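Start counting at 1 in the sequence shown, then tack on 977, and there's your number in the numbering used here. For glycine and all other residues, C-beta sits at the position ideal for the given N, C-alpha and C. Keep in mind that this is a model prediction, so the values were computed, not measured.
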Amino acid sequence: MFPSKRRAAAVIAAGVLVSGLALAGGVQAQERAQDEPSTLAASLREAAAANGKFVGTAINNGLLGNSTYANIASSQFDSVTAENAMKWDSTEPSRGSFNYGGGDQLVDFAQANDQQVYGHTLVWHNQLPSWVSNGGFNASTLTSIMNNHITNVVNHFENDVEYWDVVNEVFNEDGTMRGSVFQNTIGTSFVGTAFRTADAADPDAKLCINDYNIETDNAKSDGLYNLVSSLLSQGVPIDCVGFQSHLVLDQNTSSFKSNMQRFADLGLELIITELDIRISTPADSSELQRQAQQYAGITQMCLEVSACSGITVWGISDRDSWVPGTFPGEGAACLYDDNYQPKPAYSAMVTAFGGDPGDPGDPGDPDPPTGCTASYVANRWNNGSVVELRVTTPQALSGWQITFALPAGTIVGSWNAEISQSGTSVTARNTQHNGTVAANGTVSFGFQTNSGATYSTPVVSLNGTQCTTA
Ligand code: 9MR
């Protein structure tokens, strides 16, 4: 279905080799005795590969020096997308002056870890230097600037980048073309021109059109469908559609599969390119469970649509995610939490791919951290209280997040922690100075509230694990 493009062969080969294992996976998982060591894929990338799919993450180059981040990036993912380093403002900040440092660093990382590189993005109205957006160029000059950019960047990464988002976010929500400088100056033909130019620069790369809010059947995905149909009928070399999939918890995505299928029926490959599922913060455990089910649902859908070749998540941990900076009060959107601990969504995704993320009953897997002990001491008076919380941990920590309920009052001051409160849910995180705790060490912090009401000692959790209350 995808002639002459290098990635297709690799994916199909992987699928043939291991699909038997994958198909048997769900049944094996159910029948396996609790104490029998698992033979199923234990990492996300192994589990996805067993189904002939890739699983990727956006990479922030600035975080590759953090060994926890780099270890997760290399062990769990077999595809990487530059979160920012291959965008126009990075690669051609001034006219004709190209900079590939960030992109090359990512390619090196990918090659060292046997990963594919997904190129993002050649033509986009955002992160576009003002010499392009405000240059006042006429159609012919802007076309040659665009073509020159595409040709240089694609040539530089030829043989290293499997896919390119050739154009990104070219639609308005109502399905009309977005009024970018390219659209306003050149007209809609800039899209076909960009694809033809990219194809000439690297005939083997897969060339995608990428957008958000196109997951379901709606005016925007209809606009995309019509444009792509028309481009294909003109012989424009477009190979794939990227569904960014920046989702909100509990979002209705019931038409995602049928919507994907109509693009597949045009002969296109489909990729979920920027998946995350954001939640109002702090997220509670029921929200994290629903998020896990929704990550699994998207994974299942990609498994059921054969033209869906992979899923990339947009960032590794909640701490690295773009979401809180763009949507204040929302976050917790990723597979790993602020301390790089896997969330329920991680396990759900591995399981949806037929793998086994491990569980405490499995002797092949180390037990997760347990055994913390919390003491919650409140001194109350008429209209206020001072609370001190101490949590002893058997494991050494390199960052902590402590959650508990505050049934009465609002926190008006605190020490030794960064505290946020949403209703009765409180999250306390380490400060810059007290994140490192030795095994059997104690975290201690406190806060003042404006209520002296009494309540029973709340349940306290450390990094997602419930503690015994002393
Ligand atoms: O995650 C990226 C963030 O670091 C940048 O500041 C932002 C700037 O526009 O772009 C983010 O990534 C976007 C991606 O390139 C295209 N789709 C939407 C993503 C989230 O905004």
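Option in I1163, A1269, F1031 and L1099 with minimal Cα separation from V1130: L1099
According to DSSP, residues forming a beta bridge with D1142: For D1142, which the question treats as bridged, DSSP gives the partners H1097 and C1185.
Which residues DSSP lists as bridging I1288, in chain order: V1032 and I1249
Bridge partner(s) assigned by DSSP for W1108: Partner(s): none; W1108 has no beta bridge.
Y1140 beta carbon near the ligand 9MR (any heavy atom closer than 7 angstroms): no
Nearest candidate by alpha-carbon position, reference Q1053, set Q1318, S1362 and G1080: Q1318
Same chain, Cβ closer than 7 angstroms to V1032, neighbours up to 5 away in sequence not counted: L1021, R1022, A1025, F1054, D1055, S1056, G1287 and I1288
C-beta neighbour in chain D for L1041, strict 8 angstroms: Absent from the structure is chain D; it holds one protein chain and no more.
W1299, buried or exposed, once every other Cβ within 10 Å from all chains shown has been counted against 16: Residue environment for W1299: buried (at least 16 other C-beta atoms within 10 angstroms of its C-beta).
Own chain residues within Cβ distance below 6 angstroms of R1406, not counting five before or after: Q1378 and E1395
Same chain only: Cβ atoms within 6 angstroms of A1430, ignoring 5 sequence neighbours per side: Excluding residues within five positions, the ones whose Cβ falls inside 6 angstroms are A1385.
Residue span of the alpha helix (DSSP H) that contains S1067, given as start and end: S1067 -> alpha helix (DSSP H) spans W1065 to T1068.
Residue range of the unbroken beta strand (DSSP E) whose run includes Q1211: Per DSSP, Q1211 belongs to no beta strand (DSSP E) and is neither H nor E.
Presumed contact (8 angstroms Cβ cut-off) between I1127 and T1068, rounded CB distance: About 10 angstroms separates the two Cβ atoms, so there is no contact after all.
Other residues of its chain near R1367: CB distance less than 6 angstroms, five sequence neighbours each side excluded: Close CB contacts of R1367 within its chain, under the 6 angstroms cut and outside five residues either way in sequence, are with S1352, T1419 and S1421 (chain order).
Cβ distance (whole Å) where M1063 is taken to contact G1078 below 8 angstroms: For M1063 against G1078, the beta-carbon gap comes to about 11 angstroms, at or over 8 angstroms, which does not count as contact.
Per-residue DSSP class, three states only, for L1017: coil
Distance between T1445 and F1172 (C-alpha atoms, nearest Å): 59 angstroms
Y1189 beta carbon near the ligand 9MR (any heavy atom closer than 7 angstroms): yes
I1049 (DSSP reduced to helix, strand or coil): helix
Beta-carbon contacts of E1246 that lie in its chain and below 7 angstroms, excluding the five residues immediately before and after: F979, K1183, D1216, C1217, A1284 and S1286
T1404 vs S1397 beta-carbon contact at 8 angstroms: yes
Euclidean distance between Cα positions of V1109 and Q1221: Their Cα atoms are separated by approximately 25 angstroms.
Of the residues I1388, S1375 and T1387, the one placed nearest A1440, counting alpha carbons only: One point to set straight first is that residue 1440 is Asn, not Ala, in the sequence displayed. Ranking I1388, S1375 and T1387 by Cα distance to N1440 puts S1375 first.
8 angstroms contact criterion, which V1084 and D1142 should meet: CB distance rounded: Contact doesn't hold; Cβ gap of about 16 angstroms is too wide.
Delimiting residues of the beta strand (DSSP E) encompassing L1224: H1223 to V1225
Residue burial classification, H1102 (beta-carbon count within 10 angstroms, cutoff 16): buried
Neighbourhood of T1350 by C-beta, 8 angstroms cutoff - its chain only, sequence neighbours within 5 removed: Cβ within range, chain order: V1368, T1369, C1444, T1445, T1446 and A1447.
Neighbourhood of L998 by C-beta distance below 6 angstroms, restricted to the same chain and skipping five residues each side: Because the pLDDT of L998 is 36, which lies under 50, any placement of that residue in the model is unreliable, and the number read from its coordinates should be weighed accordingly. Excluding sequence neighbours, L998 sits near A1027.
Heavy atom of the ligand 9MR within 7 angstroms of H1102 beta-carbon: no
Proximity of Q1268 and I1254 at Cβ, strictly below 8 angstroms: yes
Residues near D1314 by beta carbon distance below 6 angstroms, same chain, minus five either side: Within the same chain, and ignoring the five residues on either side of D1314 in sequence, the residues whose Cβ sits closer than 6 angstroms to its Cβ are D1295 and K1320.
Residue environment, Q1007, which counts as buried when at least 16 other CB atoms sit within 10 Å: Per-residue confidence for Q1007 stands at a pLDDT of 40, beneath the threshold of 50, marking its modelled position as unreliable; the derived number appears in the next sentence. Burial call: exposed.
Cβ pair T1162, A1116 closer than 8 angstroms: yes
Residues sharing a beta bridge with C1217, DSSP: C1185 and E1246
The ligand 9MR heavy atom lying under 7 angstroms from the CB of E1251: yes
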